[in-house]
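Take a look at the structure set out below.
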Amino acid sequence: MIHTAISYLALQQYWWVIIALIAGLLVFMLFVQGGQSFIFNLTKNETDRTMLLNTTGRKWEVTFTTLVTFGGAFFASFPLFYATSFGGAYWLWLALLLSFTIQAFSYEYRTKSGNIYGKKFFNSLLWTNGMFGPFLLGVIVATFFNGNDFLMVDSNIRESFWQNNWRGLESLTHWHNLALGFTVLFLSRVSGILYVMHTIDDNKLIAKAKKQLWYNAIPFVVFFLIFTIGLLLKPGYAVNADTGNVFMENHKYLHNFLDMPVVMILFLAGVAAVLTGIIKALLKTSGNDKAFWVTGPGIVLVVMCLFFVAGFNDTAFYPSSFDVNSSLTIQNASSSEFTLKTMAIVSLMIPFVLGYIVVAWRSINTNKINKAEMEDKESGTHMY
Amino acid sequence: MTLLSIDWALVNWSRAQFALTAMYHWIFVPITLGILFIIAFMETRYVRTGDPEWKRITKFWMKLFGINFALGVATGLILEFEFGTNWSTYSWFVGDIFGAPLAIEGIMAFFMESTFIAVMFFGWNKVSKKFHLTATWLTALGANLSALWILVANGWMQFPVGMEFNPDTARNEMVNFWDVFLSPVAINKFLHTITSGYVLASIFVIGVSSWFLLKKREQMMAKKSIIIASVFGFISLLAVIFTGHGSAQEVAEKQPMKLAAMEGLYQGSTGADLIGIGILNHKKEINDGEESTTFKISFPKILSWLSFGDTDAFVPGIEDLINGNEKYGIMPAQERMARGDTAILALKTYKEAQKSGDKTTAAANLDVFRAHYDHFGYGYIEKEKDLIPHVPLVFYSFHYMVATGFLYLLLFLVFLWLTYTNKIETIKWRKPLFILGIAAIPMVFITSEAGWIVVEVGRQPWVVQDLMPVSAGVTNISANSVQITFWIFAVIFTALLIAELNIMFRAIKKGPAKSQVESKNGEAKS
């Protein structure tokens, strides 16, 4: 029995790691949104705009798929979170979904003939997705630390009842949620710029991008510090390992870092990688096109570590600020042992999936995008 | 949720929103499923022969595919998350089983599709011909694999297997993955759905090609496309008919109310007739003794044969399923509702006894609960009538689907024969034929949507057959909120469909890129 219990917990923890990994990859992939958000202030002419959108546009499907997989994996492994947060924070999730929905067709339709709403309309939608997608995702992830007002009732079929009529929009009034929202927004813009520097061969555009890197890296660092310091100082939702009861513990997330030194080291390494990439790109006079690949792994690490401190070390990963004992933990919100085991076998495909993504990615990123390619109508290349 | 708290406005707006999203999504998906294979065939011809004409044709259909694909992705995202936003109680009740296929879909299928689609669109001058061709095939495979997993999930809702209800977590939990994955309902559904997508895509290609023939433009491209599409469509349609028959047999066994609605059958009988064409008596009420149709042409005993492989088999009607039929072992709905109430009460008492540590009461109630679990969902039903789906909608959708399905068989044969014998541009009645080819495009879209109406409206009121009605699975939220999002989605999806159609028409009108010969001729003239 003890063996089974440990094994089940190990599976729950394994799946939390997988969720953290997908979340990390999703935030990394938000460079697509970040790049798009510069559609109006980095580019002054149509050719520049075409270069920008054709470099980010060639990756939009991967970001989109990562978001869908994030939702699907959460549904499969922690269905109580899927049911509670998605149904409860209805307006917040729908705002996020709408902000992503408008992206897919905007790339495809903006330059097509017969586009009845005009190119500017679709450009505006891409900008909206670029700004609001990362911001809202950051706010939603911050609710892992600050909670939402819901009550879990388990009289028959288990149901959650949201305790206000704002249905998730109230999360936008919490400074700490906003701090993470703005952190993710500016981070996506920073990585978007680094991706532009990595994939576009145009000195003028790169010079402009570098200037924008200053304007976005500074607010990113400021908001990141506000969020992180706030996180380390705030009380957190701790779980009594014996009873399963949830209680407030001062400096809970600081304690989590201290109790899990490996996570703290990985977090600091991630932060160092992100900052190194940014600084390298800022300091190199000729621009640094490899900085994107320095910050990228750093982003994945930092996000994963935030998920670890949210869910490990006897912590409720989705707390209820209305009734602490309605809070969700990786134990009470997870799928059954059988399902987690089955899904764990499926998850063995992830390295294979990452492998072919790398192969395909490299194959179409062999040459940098330049004006000549964008203006060559005869090449027959699919263009956005 | 208790019976007293059912907010029908909320339930119906939630249903409407899901139906709206699903129906819009299904406009774009079947083309994707089928046309990718057609494109892959064409590109294979290009790689094998080296003929640039095949590359030009491939690129043209790829362009049309791209226009369509973007909206399928956009609506699909909303659809996946609506399980959580609008059906949250359902999401917990069955998330342990239902979530897994969605996650596998993401990991196994969506990434394959989204990764290789980029190579397919942008890799023409960057990767080798063979790598590009592999990417095209993998994109097609990824799209079809994603259909597999979502249809496994849907099949499970229609016929829940491979799970046990855990009273402590108050949800169904998977105990056998292979039972879920290889459920005959899921497999039939998958094969029927993807092959119907191939038929739709084939008709799309034939219709667009007919337009070019009508306009006397790009005749060679049109004829080559027709050959591939009509062969692919014809074979696929045979598979559709075969799997459709299999699906109907599954429905007859597992969802008899749906079958009764499909045929407008109120009073069951042995040797039941299949209605070929019919008009329903719209004043018909259950148990009123009136005829269910005002006009019909039917095939004697065929419904019994198609449903159970026996011309004398008994096919229950709506009244048998509501009133019960002792002779054929059908329990009255009232009895099932009473047993459902017993199951719900036993579960509640079990939980309370567990909390208070009364193990004897808990064990006794658990036994009662398990004995009545098959009727669990009936405890949430208010009135017997709520168990009957919208008969006219299901009946007419089913008959339209079947009738037009057989018409397409003829269409594929005619187009294939005339193109193969190279008579398609010379026969007398070519203009009406081309117009029919074009008209078949909207027709087949309606056929495809009608199929889903049969499946989804026909299973109402169940979100999980016999275990959970829609009224119990819905999110606790105000009906007004869902009403607002319904209209937001309705406006956005409609505006996008208009944009998509306009762009698609322009792209078709523009046609494929000029061939090398045409380009050279153009240069010489200038």
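Chains as they are written, first to last, in the working numbering: chain A, 143 to 526; chain Z, 27 to 552. Glycine residues also receive a C-beta, built at the ideal position from the N, C-alpha and C atoms. Small disclaimer: the values here were computed from a predicted structure and weren't measured.
For residue i, return the contacting residues in chain A, with the cut-off set at a CB-CB distance below 7 Å.
i      : result
N22/Z  : It is not possible to answer for residue 22/Z, since the shown part of chain Z is limited to 27 through 552.
W237/Z : Within 7 Å Cβ-Cβ: nothing; W237/Z doesn't reach chain A, min ~16 Å.
F203/Z : T484
F142/Z : A502
When you compare each of the options to residue i by their alpha carbons, which one comes out closest?
i      : options                           : result
R532/Z : D518/A, T437/A and K254/A         : K254/A
L527/Z : K249/Z, F91/Z, L167/Z and F147/Z  : F91/Z
A475/A : H393/A, F223/A and Y357/A         : F223/A
I534/Z : M88/Z, M68/Z and I53/Z            : M88/Z
L291/Z : E410/Z, V153/Z and S324/Z         : S324/Z
G366/Z : N349/Z, G355/Z and A397/Z         : A397/Z
T368/Z : Y404/Z, Q380/Z, F334/Z and Y354/Z : Y404/Z
T375/Z : K242/Z, P193/Z, W39/Z and A48/Z   : P193/Z
V201/Z : T481/A, S313/A and V488/A         : T481/A
L263/Z : I220/Z, Q293/Z, I301/Z and R243/Z : I220/Z
K394/A : L448/A, F180/A, L347/A and K426/A : L448/A
K350/A : L336/A, F216/A and N290/A         : L336/A
W182/Z : R485/Z, I529/Z, I524/Z and I133/Z : R485/Z
I312/Z : G302/Z, D336/Z, A287/Z and I305/Z : A287/Z
K411/Z : L437/Z, A364/Z, K457/Z and N349/Z : N349/Z
Y536/A : S248/A, F362/A and N455/A         : Summary: the structure shown does not reach residue 536/A, with chain A confined to residues 143 through 526, and so no result is reported for it.
G125/Z : E250/A, G230/A, I244/A and A215/A : A215/A
N382/A : A458/A, S266/A and F303/A         : A458/A
S308/A : W356/A, I407/A and L234/A         : The sequence shown places Trp at residue 308/A, not Ser. Of the listed residues, the one whose Cα sits closest to W308/A is L234/A.
D393/Z : K377/Z, T47/Z and A516/Z          : K377/Z
G334/A : L417/A, F170/A, F182/A and F206/A : F170/A
Please state whether the Cβ-Cβ distance between residue i and residue j is less than 8 Å.
i      : j      : result
E391/A : N502/Z : no
G438/A : G412/A : no
L209/A : F242/A : yes
M402/A : L163/A : no
V466/A : F365/A : no
F212/A : A165/A : yes
F86/Z  : M247/Z : yes
T141/Z : Y498/A : yes
A144/Z : A414/A : no
M283/Z : L347/Z : yes
F217/A : L128/Z : yes
S40/Z  : Y232/A : no
G229/A : S462/A : no
Q178/A : T198/A : yes
E244/Z : P538/Z : yes
Using the beta-carbon of each residue, which ones in chain Z are nearer than 8 Å to residue i?
i      : result
D296/A : A196 and K377
L222/A : W118 and G121
I492/A : I133
Residues of chain Z with CB under 7 Å from residue i, in chain order?
i      : result
H558/A : Nothing about residue 558/A can be reported from this structure: the residues present for chain A run from 143 to 526 only.
A215/A : A129 and G132
F242/A : L103
I506/A : A144, V145, F148, G149 and K152
Counting only Cβ pairs nearer than 9 Å, list the residues of chain Z close to residue i.
i      : result
G166/A : The premise fails here: G166/A is roughly 15 Å from chain Z at the closest Cβ pair, so nothing lies under 9 Å.
L153/A : Ordered by position in chain Z, no residue passes the 9 Å Cβ test against L153/A, which lies about 13 Å from the chain.
How would you list, in chain order, the residues of chain A whose beta-carbon sits under 8 Å from the beta-carbon of residue i?
i      : result
I370/Z : N298
N502/Z : G229, E301, S302, F303 and W304
R74/Z  : Neighbours of R74/Z on chain A: none; closest Cβ ~20 Å, over 8 Å.
Sequence ranges, beta strand (DSSP E) only - wholly within the region 236-295 of chain A, length at least 3:
292-295
Check whether the region 485-504 of chain Z touches the region 108-118 of chain Z, counting contact only when three or more Cβ pairs, one atom from each stretch, lie closer than 8 Å.
yes
Completely contained beta strand (DSSP E) runs for the region 482-532 of chain Z, where each covers 3 or more residues:
488-490
Touch test, the region 417-427 of chain Z against the region 510-526 of chain Z, Cβ-Cβ under 8 Å, three pairs minimum
no
Touch check for the region 441-459 of chain Z and the region 399-413 of chain Z: three-plus C-beta pairs under 8 Å?
The region 441-459 of chain Z vs the region 399-413 of chain Z: no contact.
Tell me whether the region 183-190 of chain Z and the region 202-215 of chain Z touch, counting them as touching only if at least three CB pairs, one residue from each stretch, are closer than 8 Å.
yes
The region 271-284 of chain A contacting the region 308-328 of chain A, beta-carbon criterion three pairs below 8 Å:
yes
Okay, do the region 325-335 of chain Z and the region 269-283 of chain Z touch, 3+ Cβ pairs below 8 Å being the bar?
yes
contact_flag[the region 65-74 of chain Z, the region 149-161 of chain Z] where n(CB pairs < 8 Å) is 3 or more
yes
With three or more beta-carbon pairs closer than 8 Å as the criterion, would you say the region 250-262 of chain Z touches the region 213-229 of chain Z?
yes
Do the region 449-457 of chain A and the region 351-370 of chain A touch if we need at least three Cβ pairs shorter than 8 Å?
no
Continuous beta strand (DSSP E) assignments of at least 3 residues falling wholly in the region 355-385 of chain A:
378-381
At 4 residues or longer, and completely inside the region 425-476 of chain A: list those alpha helix (DSSP H) runs for me, N to C.
434-453
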